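Colleague: Listed in order, the protein sequences are those of chains A and B.
By the numbering used here, the letter at position 44 of the first sequence is numbered 44, and the numbering carries on one by one without gaps.
By the numbering used here, the letter at position 122 of the second sequence is numbered 309, and the numbering carries on one by one without gaps.
Ideal placement from N, C-alpha and C gives every residue a C-beta, glycine not left out.
As the structure is a computational prediction, the values presented were derived from the model and not from experiment.
Encoded as structure tokens, here's the structure I'll be asking about.
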Amino acid sequence: MKQHIFPAILLTLCCLVLFNIIYPLAMYGVGLVIGPNHARGETVEAKGRTVGYALLGQSFTEDRYFWSRPSAVGYNAAGSAGSNKGPSNPDYLKTVQERIDTFLAHNPGIRASQIPSELVTASGSGLDPDLSPQAARVQVARIARARNIDAARVEQLIAAQTKGPLLGMFGPSTVNVLHLNLALDAL
Amino acid sequence: MSTELSGILAAFFITLAMAWPLGRYIARIYSGERTWTDPVLGPLERFFFRISRIDATSEMTWQEHMKAMLTINLVWLLATVFVLMNMAWLPLNPDGNPSMSADLAFNTAISFVVNCNLQHYSGESGLSYLGQIWLMFLHFVSAGTGMAAAAVLFNALRERQTSTLGNFYDYFLKSCTRILLPISIVTTLLLLAEGTPMTFAGKDTITTLQGDTVQVSRGPVAAFVAIKHVGTNGGGFFGANSAHPLENPTYFTSLVEMAAQFIIPLAMVFAFGFYLKRRRLGAMVLGVMTVGFLLLVIPNIIFEMNGNPAIGAMGIDQATGAMEGKEVRLGSGLSAYWSILTTVISTGSVGAMHDSTMPLSGMNELLAMMVNGFYGGCGVGLLNFFIYVIIAVFIAGLMVGRTPEFLGKKVEAREVKIAMLTTLLSPMLIMGGTALAAWTLGQHPDLPWLNNPGYHGFSEMLYEMTSANANNGSGFEGLGDNNPFWNISTGIVLLLGRFIPIIGPIAIAGLLAGKKYIPESPGTLKVDTLTFGIMIFSVIVILTALSYFPALALGPLAEFFSM
């Protein structure tokens, strides 16, 4: 042990210089060049101000906007968390039922079987920026009514904002809720 | 085929294809052959060794290896406790986050030194940027430690009789500089391009489109997330780990992060075959591991994509699957794949919250950590698997009535005893720890530990102890674990669950290396065959089932049957 202690300390110092100073600073430098918004997190500008971060979801509760998914942290990105509710937890299932009831009350004419599960379940981060296209489409009638516009135009917006699978082959299709709502406001 | 399933297949096969050349490269590194990284990194390593007064060419016995390993780990542990308990006044703390309490610092320091990364804090509020970067240092060196131990195993299994097995510092530093660092740099670049932040600016405050004021936590994320995966560490920069959109912005980065965590464990198996010039043996090991992996991952993909039946009963459309705790951009399929990938290889980074997965998915995640040898973590996965091999050799030897042999070395009572004790340690720590926790909760039912009632609550405690013992680091995160009981108990489990499963196999390997080499004869037990592969697989299944069935019956199985 004694003959190893000084080499251990000195080698640790060398590794600290390489992995804690050179590596992160080099990556920081590259990020300034290749990262969106110089790797400070890409922001979205609209109406003359910053309205959000492109990758982070936000809360939408008004009928005239597409709603985001439920969130365990209220979309405040000072923190991040899922609900961590187990699938059989009775209190949790009651919460889900209340979300379904709320959604149906705000969206007359919609049946529960048209609501995709992500609209009534909280995401892992509490900051999920996306919906599936079906979760957006099921809200079209409400938005068209609230904004007094043609439902077909809202449908077109969803189609235009839908991001397909990676290379057309891998993964689910998604719609970014913030971009979708900005497009709505721009109509 | 759905695009979700094709994404999973792509994730698996692309990584497998990249692991082959990497395995060849790793074998060359550990055997000291020339590689294309020599001109740049060779002088740097020699410079480091000169400063550290280390003669990297002097060979060590297995005991000296372990002494060197434990000493340097102790240095890291003490330094980390100091940093974590003094973050508040040290530099790089733009958000003014506090220092850690003594018990949390104890747990966190151990957790990152042993490559586990169980986190009883959330990165947004629990660490300064200095604390984060310090943990990033441990991401590198703890992975390097495990890989160095695997290199000692490789060395010991060569066809010769020897007491010296290479130099620990040489294996360790080269693992960090030649393998972990280059892959991390590539991974960071891909993450940066997709929008992961790499900034030293503090929290931002914004007003959302609808008019709410929220804060946005940022930081030097990209470099951290890269090595967190490459070193199979798994501790997240943010509380939500890789479910967080800034840690893992897109489907593409999900594929990158999964490849990053999977590639070295796979490549180590290939390297094992190349290094020993026993490719058939390498293929057999890979085959057994892959069968185990598939048996765990396929059910999870089915369960999660089918959705939660209790929510289905409310009439909800289950086309997107069980989405509680999952992100839309990953989808339920890839999230399920990730949940097993991260538990078989001891990463513990999560793309979705395991606490909210279906009961039997949770069981498979537990089983993956209980076995801990289907691929396994950086380096240590092979060590765990080696223990299973020794037991299989022993049982096979008994069945045919011969002295068991492995690669030309007699496996005798001492080696088998060490293997047995190492194997028995895991159930003792997991079940003993869970029993202690359940008993404590029984005495004090008002303790705010569990986020879910009934069987699932029991699973939360079982998962935490299993994750600590397997050095995995994922969690059923509903568990309220930042308190002295969990910080101290899992801290102890972490230490034992890390170092004994390294020392045990290295001791066996060292003992075997010291024995006379017996050339193969017609009576030798052939270990690179399908028959022996089935033998190993049976040993793993029997040991795991016998050890853990009762605990699994109380937790996930009971929950499944009650739903």
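Please check the pair Thr386/B and Arg365/B, which I expect to be a contact at CB under 8 Å, by giving their CB distance rounded to whole angstroms.
Modeller: The Cβ separation is near 29 Å, so there is no contact.
Colleague: Quick one: what does DSSP say Lys596/B is sitting in, helix, strand or coil?
Modeller: In this structure, Lys596/B counts as strand in the three-state DSSP scheme.
Colleague: Figure out for me which residue from Ala255/B, Phe324/B and Leu317/B has the closest Cα to the Cα of Gly353/B.
Modeller: That would be Ala255/B, whose Cα lies nearest to the Cα of Gly353/B.
Colleague: In or out: Glu511/B buried (at least 16 other Cβ within 10 Å) or exposed?
Modeller: Label assigned to Glu511/B: buried.
Colleague: At least one CB of chain A closer than 7 Å to the CB of Gly382/B: is that the case?
Modeller: Judged by the 7 Å Cβ criterion, Gly382/B is in contact with chain A.
Colleague: Along the segment 486-502 of chain B, where does the CB come closer than 7 Å to a CB of chain A? Name the residues.
Modeller: So the list reads Gly494, Asn495, Ala497, Ile498, Met501 and Gly502, given in the order they occur along the chain.
Colleague: Please list the partners that Ser312/B has in chain A, where partner means a Cβ-to-Cβ separation under 9 Å.
Modeller: Simply Ala78 and Gly79.
Colleague: Measuring only the C-alpha atoms, how far is Thr440/B from Glu707/B?
Modeller: Distance between the alpha carbons of Thr440/B and Glu707/B: 48 Å.
Colleague: Note down the Cα distance separating Ile488/B from Gln306/B, rounded to an integer number of angstroms.
Modeller: Computed Cα separation, rounded: 26 Å.
Colleague: Which residues mark the beginning and the end of the alpha helix (DSSP H) in which Gln134/A is found?
Modeller: Element bounds for Gln134/A: Pro133 to Arg137.
Colleague: May I ask which residues mark the beginning and end of the alpha helix (DSSP H) holding Ala214/B?
Modeller: Segment Thr190 to Tyr217, the alpha helix (DSSP H) holding Ala214/B.
Colleague: Going by DSSP, what residue range makes up the beta strand (DSSP E) through Val537/B?
Modeller: Per DSSP, Val537/B belongs to no beta strand (DSSP E) and is neither H nor E.
Colleague: Does the beta-carbon of Arg685/B have 16 or more other beta-carbons within 10 angstroms, so that it is buried, or is it exposed?
Modeller: When all chains shown are included, Arg685/B counts as buried.
Colleague: Pairs of beta-carbons, one from the segment 222-234 of chain B and one from the segment 655-664 of chain B, closer than 8 Å: are there three or more?
Modeller: The segment 222-234 of chain B is not in contact with the segment 655-664 of chain B.
Colleague: Note down, in chain order, each residue of its chain lying with its Cβ closer than 8 Å to the Cβ of Asn76/A, except the 5 sequence neighbours on either side.
Modeller: No residues qualify anywhere along the chain.
Colleague: Rounded to whole angstroms, what is the Cα-Cα separation between Gly57/A and Ala26/A?
Modeller: Going by the C-alpha atoms only, they are around 30 Å apart.
Colleague: Inspect the beta-carbon positions of Ser80/A and Gly333/B and report whether they are closer than 7 Å.
Modeller: Against a cut-off of 7 Å, the Cβ pair of Gly333/B and Ser80/A comes out as no contact.
Colleague: Let me make sure I understand the geometry here. Which of Leu442/B, Ala335/B and Met287/B has the alpha-carbon closest to that of Leu203/B?
Modeller: Per the Cα distances, Leu442/B.
Colleague: Exposed or buried, what is Gln319/B when buried is set at 16 or more other beta-carbons lying within 10 Å of its beta-carbon?
Modeller: Buried, because 16 or more other Cβ atoms sit within 10 Å of the Cβ of Gln319/B.
Colleague: Are Glu246/B and Thr351/B close, meaning C-beta to C-beta below 7 Å?
Modeller: Result yes, Cβ atoms of Glu246/B and Thr351/B sit closer than 7 Å.
Colleague: For Asp242/B, would you say it is in contact with chain A, using Cβ-to-Cβ distances shorter than 7 Å as the test?
Modeller: No, because no Cβ of chain A sits closer than 7 Å to the Cβ of Asp242/B.
Colleague: Would you tell me roughly how many angstroms separate the C-alpha atoms of Gly560/B and Phe573/B, rounded to the nearest one?
Modeller: So the alpha carbons of these two residues sit roughly 9 Å apart.
Colleague: Could you tell me the alpha carbon to alpha carbon distance between Ala72/A and Ala122/A, rounded to whole angstroms?
Modeller: Distance between the alpha carbons of Ala72/A and Ala122/A: 6 Å.
Colleague: Name the chain B residues that come within less than 7 Å of Ser125/A, Cβ to Cβ?
Modeller: Result: Ala427, Ala430, His431, Pro432 and Glu514.
Colleague: Pick from Ser117/A, Ala39/A and Gly82/A: whose alpha carbon is nearest that of Thr383/B?
Modeller: Here the closest residue by C-alpha is Ala39/A.
Colleague: With a 10 Å radius around its C-beta and 16 neighbouring C-beta atoms as the bar for buried, classify Ile21/A as buried or exposed.
Modeller: Classification of Ile21/A: exposed, given that the 10 Å Cβ count is below 16.
Colleague: Let me know if His631/B comes out buried or exposed under the rule of 16 or more other beta-carbons within 10 Å of its beta-carbon.
Modeller: Counting Cβ neighbours within 10 Å, His631/B comes out exposed, since fewer than 16 surround it.
Colleague: Give the residues of chain B in contact with Arg40/A, contact being defined as C-beta atoms less than 9 Å apart.
Modeller: Result: Pro384, Met385, Thr386, Ala388, Asp391 and Arg405.
Colleague: Terminal residues of the continuous beta strand (DSSP E) containing Glu45/A?
Modeller: From DSSP, the beta strand (DSSP E) with Glu45/A extends over Thr43 to Ala46.
Colleague: Chain A beta carbons: is any one of them nearer than 7 Å to that of Asn659/B?
Modeller: Chain A, which has no Cβ nearer than 7 Å to the Cβ of Asn659/B, makes this no.
Colleague: With 9 Å as the C-beta to C-beta threshold (strictly closer), list the residues of the segment 90-124 of chain A near chain B in chain order.
Modeller: Flagged, chain order: Pro90, Asp91, Tyr92, Leu93, Val96, Gln97, Ile100, Arg111, Ala112, Ser113, Gln114, Ile115, Pro116, Ser117, Glu118, Leu119, Val120, Thr121, Ala122, Ser123 and Gly124.
Colleague: Is the beta carbon of Val177/A sitting closer than 7 Å to the one on Phe66/A?
Modeller: Taking 7 Å as the Cβ cut-off, Val177/A and Phe66/A qualify as a contacting pair.
Colleague: So which of Gly520/B, Thr224/B, Val301/B and Gly502/B has the shortest CA-CA distance to Thr534/B?
Modeller: Closest by alpha carbon: Val301/B.
Colleague: Grouping DSSP H, G and I as helix and E and B as strand, with all else coil, what is Phe170/A?
Modeller: Three-state DSSP puts Phe170/A in a strand.
Colleague: If contact means a Cβ-Cβ distance below 9 Å, which residues of the segment 257-272 of chain B contact chain A?
Modeller: Answer in chain order: Leu257, Thr258, Ile259, Asn260, Leu261, Val262, Trp263 and Ala266.
Colleague: Is the beta carbon of Asn304/B closer than 7 Å to that of Ser312/B?
Modeller: No. Outside cutoff.
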